[in-house]
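Input: a single structure, listed below in structure tokens.
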Amino acid sequence: MWVPFLIIGLVVVLVGGGTAGWLALRAHYGPRAEEERPMARLLWEQKTSTDEKPIDSWVSDGVVVVMHEDWLDAFQADTGEKAWDLRPPQRTGEEAASKFCGMSHEVKNGLGVIAFGPYDRIWYGGTGCSTIMVVDVRTGTPKWQLDLPVVEDRSTTRYSDPEIVGDVVVFALHDIVYGVSLADGKEIWRYDQEPARYCRMLGPQISERTAAFPVSCPLENGYLELLLLDPATGAVKGRTPVKSASLPSMISADPPIMEIDRDDVNDGQGSLLVFDDTARQVSEIPVQLPAGRLDTNPVNSQYDVMSARHRYRFVVTNGLLVGATWAHAVNAYRDTNRIVAVDLKTGKQRWDVALGPEVVGIPFAATRNGILAINEGTYENPSQVYEIPLDGGKPKPISGVFPENVAAATLCDLHWVDGTIYGARMGRKTFRAPPVFAVR
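Here's what the structure looks like:
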């Protein structure tokens, strides 16, 4: 919706001059938000070493870390100055160039886990994303590196997001799930499939309580199941068959929430299945809700479900799943949508709110008191952070309006830390968003 507006603005400025153009826009849209509301301050913005294929980001221990396929960049959180960077190391004994292919979603005790491996096009028996490294997030210093062996006759893992759970690093490689020691990388447990099954471990979600994996068995008439493992021991907590016309995606591990497709012809039949810790289904949430159709696209959507662990635009808290509906047009230049909460026990919509009549918003975090949401910036309504009460009351602005050059914050990986919002652009073509930024 930006391009028509920019064309109109340019024509007005060319015809009537800068002041006249601004007055014409103001007359058409009304006063800009910053004329009436406090302005947020852009603390800093930085470029990353590359903007190709962003994967994920951390904000922890005083640094902001952004992973792209070919580079890991770290910036001081308070100033934006470069803290350290890292190119993908070579796997031991390999001459081929490496790529980054995953990072833990969380940082624990100053440590983060990254995954990398050679650029390998081989689907079976290749090394793929097979090296795990623990790094000191503040300094970028590697603590240890683990090169997993190639497993013959197994699908090559292209992306693998490890996770730290207590003193264990949990990750999947070549359809085997491993738990290794955070201290030294020594194997603690592994879960392998039954012999001759040739099933695929799809992109998981991992929490302190559960490692949740969708499993696809193409040689068994397309059999699909949900597998739940104890991340501390590797023991099976539960497993259950599921039916889906396409490969399922894990939305959450605590509780386990899986997206399925009921009909491969009409994609309006999608659902989110909610399970307990033993893989017993608790409820089913239809993607088509009274407030509109849920947007189930992940932030890092360029990576397929075959192995990548996605970041979804959902907040799961206090027995609720909170997400955003797809936007719909209000007029020729503006869209709007709803932020909706669903009861996890019943699968029923509990409430829905809009951040404004002509803005599109998404939830991105939970606080003690509610849900944090942000709107896509427009001329009259620049991006701003809101807090929505857990009962769905009126959204309350808790930040000033963002600067103009941070208009596409909804397309970024966002982190809220003590009143400062840090963002990492998740698409090279993202319009009006610096690669990395901090706003307060």
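Numbering of the sequence shown is given in full-length UniProt numbering, commencing with residue 1 and proceeding in unit increments. Backbone N, C-alpha and C define an ideal beta-carbon position, used for all residues, glycine too. Quick caveat: nothing in here was measured; it's all calculated off a predicted structure.
Any beta carbon of chain B sitting closer than 9 Å to that of residue i?
i, result
"ILE176", "Reference to chain B is not applicable here, since this structure consists of a single protein chain."
Rounded to whole angstroms, what's the CA-CA distance from residue i to residue j? Just pull it up for me.
i, j, result
"GLY62", "ALA373", "24 Å"
"LEU272", "ARG311", "16 Å"
"ASP78", "LEU355", "29 Å"
"PRO214", "ARG313", "19 Å"
"ARG158", "ARG338", "35 Å"
"VAL151", "HIS174", "7 Å"
"ALA408", "ASN375", "9 Å"
"residue 471", "GLU380", "Since the displayed the chain opens at 1 and closes at 440, residue 471 lies outside it and no answer follows."
"residue 456", "LYS345", "Beyond the ends of the chain as shown, which are 1 and 440, falls residue 456; an answer cannot be given."
"SER130", "ALA332", "49 Å"
"VAL316", "LEU414", "16 Å"
"GLN193", "VAL359", "47 Å"
"GLN269", "SER246", "12 Å"
"ASP167", "SER57", "22 Å"
"ASP85", "ASP136", "12 Å"
"LEU23", "PRO382", "Note on LEU23: pLDDT 40, under 50, position unreliable in the model; the coordinate value appears next. Using only the alpha carbons, I get a separation of about 18 Å."
Where does residue i land, buried or exposed, given buried means 16+ other C-beta within 10 angstroms?
i, result
"VAL259", "Here residue 259 turns out to be Glu, not Val, going by the sequence shown. It is buried - the Cβ of GLU259 has at least 16 other Cβ atoms within 10 Å."
"ASN318", "exposed"
"HIS328", "exposed"
"GLN288", "exposed"
"VAL134", "buried"
"GLU220", "exposed"
"GLY179", "buried"
"VAL236", "exposed"
"THR367", "exposed"
"TYR422", "buried"
"ARG41", "exposed"
One question on the structure: do residue i and residue j come within less than 9 Å of each other, judged by their Cβ atoms?
i, j, result
"ALA211", "VAL170", "yes"
"ILE362", "ASP295", "yes"
"GLY102", "VAL177", "no"
"ILE164", "SER104", "yes"
"HIS68", "SER98", "no"
"ASP73", "VAL436", "yes"
"ALA365", "VAL64", "no"
"LEU224", "TYR191", "no"
Tell me which residues share the same chain as residue i and place their Cβ nearer than 6 Å to its Cβ, disregarding the 5 neighbours each side in the sequence.
i, result
"PRO286", "SER271"
"PRO434", "GLU45"
"THR92", "ASP147"
"PHE100", "MET67, GLU69, PRO88, PHE116"
Could you name the residues of the same chain whose beta carbon sits closer than 7 Å to that of residue i, not counting the 5 residues immediately before and after it, in chain order?
i, result
"ILE398", "VAL385, TYR386, GLU387"
Can you list, in chain order, the residues of its chain whose CB lies under 8 Å from that of residue i, leaving out five sequence neighbours each side?
i, result
"ARG432", "TRP2, GLY377, GLU404, ASN405, VAL406, ALA407, ALA408"
"ASN369", "GLU387, PRO389, LEU390"
"VAL282", "PRO255, VAL274, PHE275, ASP276, LEU344, LYS345"
(message) Taking 8 Å as the cut-off, does the stretch 403-416 touch the stretch 344-355 (at least 3 CB pairs, one atom from each stretch)?
(response) no
(message) Check whether the stretch 178-188 and the stretch 139-147 are in contact - that is, three or more C-beta pairs closer than 8 Å.
(response) yes
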